[in-house]
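Protein chains in written order, with this note's numbering: chain U, 372 to 611; chain G, 372 to 611.
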């Protein structure tokens, strides 16, 4: 029998507790756009990113840390915060050396669930840092959960596609008996060469394209344009 | 704007409560093998099928109704019951006119959840009765939930593929803004011509093939070989 570590894909936070995640690496995936923005801010020199689940906490931590507060709801910057969820808002000349306090809903919720359930390592994944994630998973020889943040717990295509991209690259090193993983990999393999076209079919695209975010969403499915590894330590995501 | 009814796919019972299912038709899908067996028994003349969630209830209802008790756990007939979950056990000469009391775990749980949450109509779907399901959905002009029973709440491939088969046939008549539906349809479209080969990749296949059930599983992905519509009324699935 194989001694390879086990990899599972969790398509919604609602399904996380079906898996034993102790001693596992959990990859938090929120492609549109939280984890893409986290990778981008850190790639461009942010000292750290503090993911928080409410606007009030975002404002409070912004004051305490002197950090930049950011968050959107329905595609608009939240009143009381300074910036939005777009990775394009965080170029090096703006974010270098800064702390970013980012309030998101789906991704932050899943991250806290993973910590509460005893994950040994929590990292964030997105196409902009695809290779960094894969390299890390291949180097650690631990069980892996690819955790899709989904949208209000509903399965979404973009997070599933990223899980598939990871699986395609790391599968030889893992034991995978997981139909979600099989579907994710197939969906990605089918569409890796037409991602810009294909993501126009997602429900998220239809929700946000009205706000003129096409360029943003295309960036968020472009591999390795912000290739760092965000690791969660002591309440913050930092580059490791 | 479109006035078409809305169709959503629910990949696990855990996700059912994310949707308003009142006034909706819920299609219970448990391809390996509960809903395939239900269609087959009714097609072969069973008077009704009583789906129950425990062995004790199965034995009790068997006594009360004089019905045939059936159920498996881990591929073996449960002690105290008469028959298993295989559709092959229910040919016409055996089941015609009989009541079948069937204990299943995943499918029965989802069925009862759908009733509790106020579904207006509950039917069961499987490849053996694919066309009957599609014809019904097309005739009713109501919102639809394609409910995958999954395996212990984990998303599975075979139920997702059946959802995809339905979507491929009915989608022009529904409003579908649902990434799960999009994935289901793609997976089915990719594999409709090599289903016998493809299902050998499912985790369920690996669980059950040790019990020599290959022929059973192949039957369960063959369209329209038991083409009736099982409808849930007053505690029983009957042909409508």
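Ideal Cβ positions, reconstructed from N, Cα and C, are used throughout, including at glycine.
From a predicted model like this one, the values you see are computed outputs, not experimental measurements.
Secondary-structure assignment with DSSP links residue 454 of chain U through a beta bridge to U:441. Taking a C-beta cut-off of 8 Å against chain U, the contacting residues of the region 545-559 of chain G are 548, 549, 550, 551, 553, 554, 557 and 558, listed in chain order.
Comparing alpha-carbon positions, the option among G:582, G:541 and G:607 lying closest to residue 378 of chain G turns out to be G:541. In the DSSP secondary-structure assignment, residue 603 of chain U is bridged to U:608.
Identification of residues in the region 560-572 of chain U having a C-beta nearer than 8 Å to some C-beta of chain G yields 561 and 572, given in sequence order. Taking C-beta atoms under 8 Å as the contact rule, residue 478 of chain G and residue 533 of chain G fail to qualify, at a distance of about 12 Å.
The C-alpha of residue 520 of chain U lies about 14 Å from the C-alpha of residue 423 of chain U. Against residue 383 of chain G, the close residues of chain U are 386, in the order they occur along the chain (beta-carbon pairs closer than 7 Å). For the region 464-511 of chain U, the continuous beta strand (DSSP E) assignments of 3+ residues that do not extend past its boundaries occur at 470-474 and 492-496, in sequence order.
Out of U:599, U:388, U:441 and U:563, the CA that lies nearest to the CA of residue 415 of chain U is found in U:599. When secondary structure is reduced to three states using DSSP, residue 449 of chain G falls in the coil class, being assigned neither helix nor strand. Among the bridge pairs identified by DSSP, residue 522 of chain U is matched with U:525. Going by DSSP, residue 426 of chain G is part of the alpha helix (DSSP H) stretching over 426-436. In the three-state reduction of the DSSP assignment, residue 384 of chain G falls in the helix class. Going by beta carbons, residue 475 of chain G and residue 597 of chain G fall outside the 9 Å limit.
Apart from the 5 residues on each side of it in sequence, residue 401 of chain U sits with its Cβ closer than 6 Å to the Cβ of 477, 478 and 520 in its chain, given in chain order.
Using a Cβ distance threshold of 9 Å, residue 509 of chain U and residue 538 of chain U do not count as a contacting pair. Any Cβ of chain G closer than 9 Å to the Cβ of residue 444 of chain U would place that residue at the interface, and such an atom is absent. By alpha-carbon distance to residue 528 of chain U, the top candidate from U:376, U:381 and U:374 is U:381. A Cβ-Cβ separation of about 36 Å leaves residue 376 of chain U out of contact with residue 467 of chain U under the 8 Å criterion. Residues of chain U with a Cβ closer than 7 Å to the Cβ of residue 524 of chain G are, in chain order, 386 and 389.
Residue 514 of chain G has a beta carbon lying at 9 Å or more from every beta carbon in chain U. Judged by DSSP secondary structure, residue 395 of chain G falls outside any alpha helix (DSSP H) and instead within the beta strand (DSSP E) spanning 395-400.
Taking the beta carbon of residue 577 of chain G as reference, the chain U residues within 9 Å of it are 548, listed in sequence order. Taking CB atoms only, residue 517 of chain U has no neighbour in chain G less than 9 Å away. Chain G places a beta carbon closer than 9 Å to that of residue 528 of chain U, counting this residue as a contact. For residue 531 of chain U, the C-beta contacts it makes with chain G under 8 Å involve 550 and 554, in order along the chain. Flagged as an interface residue toward chain U: residue 574 of chain G, by a C-beta distance shorter than 9 Å. For the pair residue 494 of chain U and residue 570 of chain U, the CB atoms are not nearer than the 9 Å cut-off. Spanning the alpha carbons of residue 464 of chain G and residue 472 of chain G requires a straight line of approximately 17 Å. When the five nearest sequence neighbours on each side are left out, the beta carbons in the same chain lying within less than 6 Å of the beta carbon of residue 594 of chain U are those of 498 and 501, in order along the chain.
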